[in-house]
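Quick note: the sequence shown uses this note's numbering, first residue 2, plus one each step.
For glycine and all other residues, C-beta sits at the position ideal for the given N, C-alpha and C.
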Amino acid sequence: MMSRAIELAQHAASIDEVPVGAVIYRNAPDTGQNQIIAEASNRREIDQDPTAHAEIIAIRHAAHALGSWRLIDCTIAVTLEPCPMCAGALVNARIPRLVYGTTDPNMGCVDTLHRLCDDTRFNHRLQIIPGIHADQCAKLLTDFFQQLRRTRN
2 MMSRAIELAQ
12 HAASIDEVPV
22 GAVIYRNAPD
32 TGQNQIIAEA
42 SNRREIDQDP
52 TAHAEIIAIR
62 HAAHALGSWR
72 LIDCTIAVTL
82 EPCPMCAGAL
92 VNARIPRLVY
102 GTTDPNMGCV
112 DTLHRLCDDT
122 RFNHRLQIIP
132 GIHADQCAKL
142 LTDFFQQLRR
152 TRN
């Protein structure tokens with residue numbers, strides 16, 4: 002699923018959005034195979050919406066698709082460690098598992114700056130699986146911001 006999240010991040014970069022992609026999936030009850038429930042990439046610039054992060058959009062679509070705000074049997078794969086808003090939304094959505102690519106030294110609130118997703122003071126905690134395709138996810142971001150700096154100069 003991280004490969005699909007990377008494809009979504011690449012799409013975001015192609016439309017001048019910060020390259021972050023997210024996929025929410027679960028095991029299909031009838032087949033036992035992973036089934037994508039929702040997917041998204043960043044849309045802050047296009048939508049002019051500070052909350053239009055890939056994770057938030059994917060959570061909204063998944064909740065709608067499942068008819069419940071509790072995403073209790075789902076996993077989210079995201080290319081970048083979630084920020085405080087997204088980490089809080091994952092806790093509130095009761096998602097049990099987070100798989101992410103690269104850390105975010107500026108806003109990461111899963112492992113880097115804070116540990117919101119497994120804080121024992123909350124009534125829900127996530128299993129965290131970091132570093133999946135980390136180099137590829139980091140390269141997407143590095144390349145994007147290098148290109149952005151070149152076009153601004």
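- The shortest C-alpha to C-alpha distance from L72 to any of R44, D144, L127, F145 is the one to L127.
- DSSP places L99 in the strand class (E or B) of the three-state scheme.
- In terms of CA proximity to I77, I130 leads the group K140, I130, R151, R150.
- Judged by DSSP secondary structure, E40 falls within the beta strand (DSSP E) whose first and last residues are 35-42.
- Shown here for T104: same chain residues with a beta carbon closer than 6 angstroms to its own, the five before and five after excluded, namely E82, T113 in chain order.
- Pairwise C-beta distances place the stretch 113-123 out of contact with the stretch 48-61, as fewer than three of them are shorter than 8 angstroms.
- Contact check for A39 against A13 fails: the beta carbons are separated by 8 angstroms or more.
- Assigned with DSSP and collapsed to three states, V111 falls in coil, not helix or strand.
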